[in-house]
Structures are given as structure tokens and as C-alpha cells.
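Numbering of the sequence shown is given in my numbering, commencing with residue 1301 and proceeding in unit increments.
Note that CB positions come from ideal geometry on N, CA and C, so glycine has one too.
Here is the structure we will look at, set down as C-alpha cells.
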Amino acid sequence: MERFKTIKTYASFSRNVQIIVISELILAAAFGIYGFLQILYLNEINIPSDKIGLIFSLGSLFSMVGFFVGPFIHMFERKNILALGCLLSSIGIGAYAVFTSYILLLLSQILTNIGLCFIQVTELQLLYSYTTPDKECCAYSYKSSVNFIASTLGTLLAGNIDRLSIFSIIGYRKLFYLSAGMTLVAFVMRLFLLPRDEKRKLDEGEIKESIGDTFKLLRGHKNIRFFAIFLFIIAIGGSAVWPYNNLIMKNYFGLSNTTMSIVSFIITTVVMMGVLAMPTIIGKIGIKRFELISLICLAATMFFLTLKLNTIPFVTILIFRCIFATLVGSSLDSSMMSYIEIENRDVFAGVKLLVNGVASAIGNFIGGFIIENINFRGIYIYGFSVLIIVILMFYLKISKIFGDRAIILERYKRNCTCKLRHRYVERRRY
């Protein structure tokens, strides 16, 4: 009965929420296709791993523009920035179907990352503006559930589409056209079907003051400062590993696209169940113990991947590594936000984008360089070494900030009427 009540709540949302969610479904499926095919395509056209790392690196670096978007949201309207993000992503993805030039693919990656950044900094706030406080968590779970399902289906489609005879003629990489077209549909829906939001002009002094206040808070707020350093270390390690999973499975273990898409499906399904169960587990054992156990398990799987393994043991451990990595990211994202004052959370969100952009740029490059010049196990040795530092910092510093029972769901409290009090996160690439 509770399940039907939740579905009824989803169906009762306003037209604007439904437009956001339907366009999210299209967008998530498009990025599921693109995310699966991208590195395989770059490898197919003989771009070496270190240059692939540079493509990811510069793309990640430009993601930090989200840090500076905040002051301009009211000038250009949140809806317009969101739609622009979809358009830029569509152009960036479409370039993969047309070009093989390294420079042009590098530029397309920058466009795609800037587009994604615009989407990330505006989408959730816009969704909340179309509903009421007692339904915010329901709207979030609605959107995130659709994102999980659609991105998984997009990955499965990309992995199995070359089994169809028509694609053996035109090439399965032409799916980039489909992905770009779907992203363009999301752009049209969000630009023309969503209502205009409030717009006001800011003078140059206000913009400078807003950015200045952010840096001042970063220097003076202990929690934000420690969290930023901690997230930087995590990102610089993780971003050297996760972009290359498909490349390693294909080049070093000979897995087919179909098998890799099934692996991605298993990871996403288990992660979704883990995210649902996470608040209950944290409620029983406490946030500090949960984070420490998850980090140790992640480090253990990273260590085992450094060993010489056959295909099945390697893929099995890789699946567990991806699951623990996503759960760690999800729980840390929620619990850290719980220890930032409500009035400073927008600033912290911007700081996370800045930190993640810089750290991922460095990590992506390091990962590609190691694979090209040493071997693929080198990235797992590097990742394991960074995780040891992460675990030590968490135990010595971050855990001192966390309470025994962190209130991850502080934003929603008890006024959520759909009883889905878990905190969902956007699907990450593994």
C-alpha cells in the first residue's frame, strides 16, 4: 500500500515537476549511452591513454565554472542556465559522431562538462521551486529514481546495440547522434515548457562581493575548509581510476560491449539498493563507523585489483570497488552537508564543484599517464595509496567533526509526506 501511495504522490506533482522529470529521463538515458561509448570510441580511433586522460582532465577543469555561476543565476534566470547546459552538452556529444580530430574532441569534452556543470548547479533548486517543502524529498526521490533507471537502460542499449544488423552497417558509434538528439529534446522541453523564473540585475560590485564572501568563508569556516581538503584528496585519487574501467575491461581482459554493459547494470542496481538502505544502516551503527568501514572496504578492493587476477575475479572485485566508491561518495556528500549551516550550504556546494573540478583534472591526467607509460595496475596502486591518506585523515580529523548519529536528512526533517526519507544522489560514472 505504501508503494502505491508513493506512486500516487509522484503522479500528483505539478506539470512543471513532471516536465523536469520526463526531461531528466531523456537526459539520463542520453548520458548513459554517451558515458558508456565515449572512452571506447576514443580508444577505437587510436588516441593513446595519456591523451584520453588529458581530454578528461581539461573537461573536469572547466567543470569548476559552476563555482562562479551563483551570482549570475538571477541575472539570466535559472531556467535559461539549465537549458543552456543541455544545449552545450548536446553540441559536445554530437561532436563525437562527426569528428576524430583530437583537438576538436578535446573542445567537445570541455563543452559537455560546462553543460553538465550548468545543469548541476540549477536543476535541483528549480525542481524544489515547483513544489512545496513537505514534498521536496518526494520530488527528489522521483527525479533520482528516474535518473537511475534511465541511465542504466541507456548503458544497456549502448552495450548491446551492435548486435542489430543495421548497426553493423552504419556503426554503433552513430549512437552519439541519438544521444545528442535526446539531449537536444531535453533542451527544448526545459526552455519552452518550463515557466520563466524571477530575474533581477546585479551590479559589478554585488558580483565581486558575492565571490569575495565565498572565499572569505572558505578561509574562515573550519568545517568547510577541512571538508574541501578531504574531498580534494578523495577526488584526486578516484578520478585517476573510474574513467578507465571500460577501457581496462576491453583492452586487457577482452570483454565485449555487451558484457561491460551488464557489469554496469549490476553496479547501478546494487548501488541503488545500497543508497536506499544506507540511512537505515547509518541509523544503527552511526555515521563515523559506516564511513570508516566503507573506506576500508574500498581500499581493500583497490588493493586486490593491484594483483594479477583472471577475468572473473578481476571483474567481481571491480564491481565491489565501484559499489563501495559510490556509497562512500553518497554518504559523505549527505553527511558533510549536515554539518554545514543552512545559510552556508549554497557556498559549500560551489566549493565542492571548484574542488572536484581541479582535483579531477589532475587525477584524470595522472590515470591516463600511468596506464600509457606503466600499466593498468598502476592506477590501482596509486588509488590505494591515496585511500590510505584518506582513511588516516578521516580518522584523525573528519570523524572528530561528525557526531555519532549524523542527521543526514536534516533538510527534510519529518515534514515529508511520502515517507521516503532517504537521501538520493545523482548517478555517478564509475
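Item	Value
Could you pull out every residue in the same chain whose Cβ sits closer than 8 Å to the Cβ of LEU1405, ignoring the five residues on either side in sequence?	LEU1342, ILE1347, ILE1355, ALA1395, TYR1396 and PHE1399
I need the boundaries of the alpha helix (DSSP H) containing LEU1598, first residue and last residue.	1587–1604
Could you check where the alpha helix (DSSP H) with THR1422 kicks off and where it finishes?	1402–1429
Is LEU1426 closer than 7 Å to LEU1411 when the C-beta atoms are compared?	no
Closest by CA to GLU1324, which one among PHE1526, PHE1669, PHE1553 and ALA1486?	ALA1486
Taking TYR1639 as the reference, which of ILE1596, ILE1587, ILE1533 and LEU1337 has the closest Cα?	ILE1587
Can you tell me where the alpha helix (DSSP H) with ARG1490 in it begins and where it stops?	1475–1492
What number of angstroms, rounded off, separates the C-alpha of GLU1423 from the C-alpha of ASN1610?	43 Å
Taking a contact to mean a Cβ-Cβ separation below 7 Å, would you say MET1573 touches SER1631 in this structure?	no
Taking contact to mean 3 or more Cβ pairs, one atom from each stretch, closer than 8 Å, check whether the region 1363–1380 and the region 1685–1700 are in contact.	no
Evaluate GLU1591 with the Cβ neighbour count: other Cβ atoms within 10 Å of its Cβ, from every protein chain shown; 16 or more gives buried, anything less gives exposed.	buried
Between ILE1333 and SER1451, what straight-line distance do the alpha-carbon atoms span, to the nearest angstrom?	8 Å
Using 8 Å as the threshold, is the region 1305–1323 in touch with the region 1515–1529, meaning 3 or more CB pairs across them?	no
Throw me the rounded Cβ distance for the SER1564 and THR1455 pair, which I believe falls under 8 Å.	5 Å
Rounding to the nearest angstrom, what Cα-Cα distance links ARG1315 and ALA1599 in this structure?	45 Å
Go to GLY1353, then tell me how far its alpha helix (DSSP H) extends in each direction, as first and last residue.	1349–1362
With a threshold of 16 other CB atoms inside 10 Å of the CB of ILE1381, please say whether the residue is buried or exposed.	buried
Got a sec? Which residues, its chain only, sit under 7 Å from SER1390 by beta carbon, not counting five neighbours each side?	ALA1480, THR1483, LEU1484 and PHE1487
Within this structure, are the beta carbons of LEU1475 and ALA1329 separated by less than 7 Å?	no
Does the region 1692–1704 come within contact of the region 1610–1630, defined as at least 3 CB pairs closer than 8 Å?	no
What are the boundary residues of the alpha helix (DSSP H) that includes GLY1366?	First-last for GLY1366: undefined, no H or E at that position.
For the candidate residues ILE1698, ILE1666 and LYS1443, whose alpha-carbon lies nearest to that of THR1431?	LYS1443
Answer yes or no: do ILE1733 and GLY1668 have a C-beta to C-beta separation smaller than 7 Å?	The structure shown has nothing for residue 1733, since the chain only spans 1301 to 1730.
Using the three-state DSSP reduction, which class does ILE1307 fall into: helix, strand or coil?	helix
What is the rounded straight-line gap between the Cα of ILE1708 and the Cα of PHE1331?	Per-residue confidence for ILE1708 stands at a pLDDT of 40, beneath the threshold of 50, marking its modelled position as unreliable; the derived number appears in the next sentence. Approximately 28 Å between the Cα atoms of the pair.
What residue range does the alpha helix (DSSP H) around GLY1554 cover?	Per DSSP, GLY1554 belongs to no alpha helix (DSSP H) and is neither H nor E.
Restricting to Cα atoms, I'd like to know which of ILE1322, ALA1649 and GLY1392 is closest to ASN1447.	ILE1322
From the DSSP output, in three-state form, read off LEU1607 for me.	coil
Please report the residue range of the alpha helix (DSSP H) in which ILE1676 lies.	Here residue 1676 is Phe; the residue named in the question, Ile, does not match the sequence. Per DSSP, PHE1676 belongs to no alpha helix (DSSP H) and is neither H nor E.
For the region 1656–1668 against the region 1621–1630, do three or more pairs of beta-carbon atoms, one drawn from each stretch, fall closer than 8 Å, so that the two count as touching?	no
State the DSSP-derived secondary structure class of THR1432, mapped to helix, strand or coil.	coil
Excluding the 5 residues preceding and the 5 following SER1561 in the sequence, name in chain order all residues of the same chain whose CB lies nearer than 7 Å to its CB.	PHE1336, THR1455, LEU1456, ALA1458, GLY1459 and ASN1460
Can you tell me which of MET1489, ASP1633, THR1606 and ILE1612 puts its alpha carbon nearest to the alpha carbon of ALA1781?	Outside the shown range of the chain (1301 to 1730) lies residue 1781, about which nothing can therefore be said.
Taking the straight line between their C-alpha atoms, what separation do you get for VAL1541 and CYS1438?	33 Å
Measuring alpha carbon to alpha carbon, tell me which of CYS1597, GLY1512, GLY1415 and ILE1403 ends up nearest LEU1327.	GLY1415
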